[in-house]
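With the first letter of the sequence shown counted as 1, position 188 gets the number 187 in numbering that gives the first Met the number 0; the numbers rise by one all the way through. Beneath this line is the structure, given in C-alpha cells, with notes to follow.
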Amino acid sequence: MSDHVSFVDLTSSAVTGTIAGVIGHPVGHSLSPNLHNPWLAGAGIGGRYRAVDVPPEALASVIPAFRDLGLRGFNITVPHKTAIIPYLDALAPVARQMGAVNVVAFDATGKATGYNTDGTGFMAHLKASVPDWPVDRPALVIGAGGAARAAVVGLLGEPLPFVMITNRSRDKAEAIASEIGRGRVTVVDWADRHAAVGGAGLIANTTSLGMKGQPSLELDLAAAAADCVVYDIVYQPLMTDLLTRAEARGLRTVTGLGMLVEQARAAFRIWFGQLPDVPAGQVAELEARFR
Ligand code: ATR
Numbered sequence: 000m001s002d003h004v005s006f007v008d009l010t011s012s013a014v015t016g017t018i019a020g021v022i023g024h025p026v027g028h029s030l031s032p033n034l035h036n037p038w039l040a041g042a043g044i045g046g047r048y049r050a051v052d053v054p055p056e057a058l059a060s061v062i063p064a065f066r067d068l069g070l071r072g073f074n075i076t077v078p079h080k081t082a083i084i085p086y087l088d089a090l091a092p093v094a095r096q097m098g099a100v101n102v103v104a105f106d107a108t109g110k111a112t113g114y115n116t117d118g119t120g121f122m123a124h125l126k127a128s129v130p131d132w133p134v135d136r137p138a139l140v141i142g143a144g145g146a147a148r149a150a151v152v153g154l155l156g157e158p159l160p161f162v163m164i165t166n167r168s169r170d171k172a173e174a175i176a177s178e179i180g181r182g183r184v185t186v187v188d189w190a191d192r193h194a195a196v197g198g199a200g201l202i203a204n205t206t207s208l209g210m211k212g213q214p215s216l217e218l219d220l221a222a223a224a225a226d227c228v229v230y231d232i233v234y235q236p237l238m239t240d241l242l243t244r245a246e247a248r249g250l251r252t253v254t255g256l257g258m259l260v261e262q263a264r265a266a267f268r269i270w271f272g273q274l275p276d277v278p279a280g281q282v283a284e285l286e287a288r289f290r
C-alpha cells in the first residue's frame with residue numbers, strides 16, 4: 000500500500016494502519032515517510048507513517064479525521080504550518096513564539112497540541128556536524144522566512160553574543176528581531192551582508208537561493224574567519240554553490256538534509272517518547288539522491 004495518500008482517501012482502506020503522517024499541499028515530494036517508516040519498524044512500533052495531500056479547503060477536517068483514525072500525531076508542511084493553529088487545542092511555547100507548527104500530537108484524550116521542532120533540528124544537526132562551532136562571535140542568518148525563525152530560535156538558546164539577520168525585504172528581518180529577538184538579534188541591511196561575514200562564527204543560509212532552479216546566494220566569503228562554519232539548509236542540491244565556495248576557502252560546511260532528519264527525530268520523540276535510532280546508511284542513501 001502506498002505511503003502517499005490524497006485527502007479524499009482518508010475514509011478508505013488507503014489509511015488503514017496509519018499511526019502518524021505528514022500533511023501538505025503538495026506533499027508527494029515528502030521524504031518524511033522514508034525517514035519515519037524505518038524508525039517505526041526499528042522501534043517495533045506497528046503502523047505506517049503516511050504523507051497525506053490536504054488542500055487548504057480541507058484543513059479544518061484534518062484534526063477530527065486523524066483523531067478518529069487513532070493517529071499518535073502528524074507533521075505539517077507547506078502551506079499549513081501557520082493555518083493549522085486555530086484548529087489546535089493547545090500550543091507549545093516554542094510554536095507560539097515561532098507562529099508556526101510542524102508537529103501535532105494527540106494525547107490519550109484526543110487533545111491536539113502543536114509543537115515546533117525545526118529550531119531543535121537546526122541546532123542538533125549543527126552540533127552533530129561541527130561540535131566545536133564558534134560561539135564566541137555572532138552568527139549571521141540569511142533570510143527571514145519560517146526557516147530563519149527556526150534558526151534564530153535555535154541559536155538564541157546558545158551562548159552566542161548575538162545573532163545578525165539580513166534579508167532582501169528588511170521589514171521581515173525587523174519583525175523577527177522584535178518578535179522573537181529578546182534584544183539579541185540585530186538587523187543587517189541586505190546591501191551590507193558581505194561586510195558582516197568577517198565578524199561571524201556561523202553563516203546560515205535559510206533562503207531558497209541556491210536551490211535547484213533558483214539563483215545562487217551572492218555572498219562574498221573573502222573576509223570569513225578561518226574557523227567560520229557555513230551552514231546551508233537547502234539540500235537540493237546537497238552541495239550548493241555557497242557550500243562549494245566555502246569549502247574551496249577551507250571553511251567547515253554543514254549541508255541541509257540533516258536538519259530535516261533531526262526535526263523528524265524530535266517529532267518521533269514527541270509521539271513515541273523515544274528518539275529513534277537512525278539505521279546505518281539511511282541518511283547517506285537520502286543524500287545520494289541529491290548529489
Ligand atoms: P521558508 O518558510 O521556507 O523560510 P519563505 O517564507 O518563502 O520560506 O522565505 C523565503 C526566504 O528566501 C525569504 O527570506 C526571501 O526573502 P524575502 O523575504 O525578501 O522574500 C528569500 N528569498 C527568496 N528568493 C530570493 C531572492 N531572489 N533574493 C533574495 N532573497 C530571496
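We put the beta carbon where it would ideally sit given N, CA and C, even for glycine.
Pairwise C-alpha distance: residue j and residue i
i, j, result
"P236", "F289", "5 angstroms"
"V151", "A194", "20 angstroms"
"A89", "V102", "12 angstroms"
"A127", "H3", "31 angstroms"
"G156", "T119", "10 angstroms"
"F161", "T185", "7 angstroms"
"V134", "A199", "10 angstroms"
"A190", "I164", "12 angstroms"
"Y48", "T108", "21 angstroms"
beta-carbon residue i near the ligand ATR non-hydrogen atom, thresh 7 angstroms
i, result
"A146", "yes"
"R288", "no"
"L256", "no"
"G98", "no"
"G280", "no"
"N101", "no"
"R167", "yes"
"T239", "no"
"T17", "no"
"A82", "no"
"T205", "yes"
"A222", "no"
"G180", "no"
CB-CB length for residue i against residue j, believed under 8 angstroms
i, j, result
"V140", "A203", "5 angstroms"
"L241", "L256", "At roughly 15 angstroms, the Cβ-Cβ gap does not stay under 8 angstroms, so L241 and L256 are not in contact."
"A91", "G113", "7 angstroms"
"F105", "R66", "6 angstroms"
"I75", "V100", "6 angstroms"
"V228", "V253", "6 angstroms"
"H259", "N33", "Residue identity check: residue 259 is Leu in the sequence provided, not His. Incorrect: roughly 10 angstroms between the Cβ atoms, too far for contact."
"V61", "I18", "Contact flag wrong, Cβ pair sits at about 16 angstroms."
"N54", "F6", "Checking the sequence shown, residue 54 turns out to be Pro, not Asn. Yes, P54 and F6 are in contact; Cβ-Cβ is about 7 angstroms, under 8 angstroms."
"G209", "L216", "5 angstroms"
"P214", "G41", "That pair is no contact at about 40 angstroms."
Identity of the residue in the options nearest residue i by Cα
i, options, result
"T15", "V51, K171, P25", "V51"
"F121", "T205, P214, S5", "T205"
"A225", "S207, A247, M238", "A247"
"G145", "T108, G72, M97", "M97"
"P158", "N166, A172, R136, P37", "R136"
"V196", "A57, A245, P130", "A245"
"L58", "E261, A111, I83, G249", "I83"
"N115", "R264, P278, P275", "R264"
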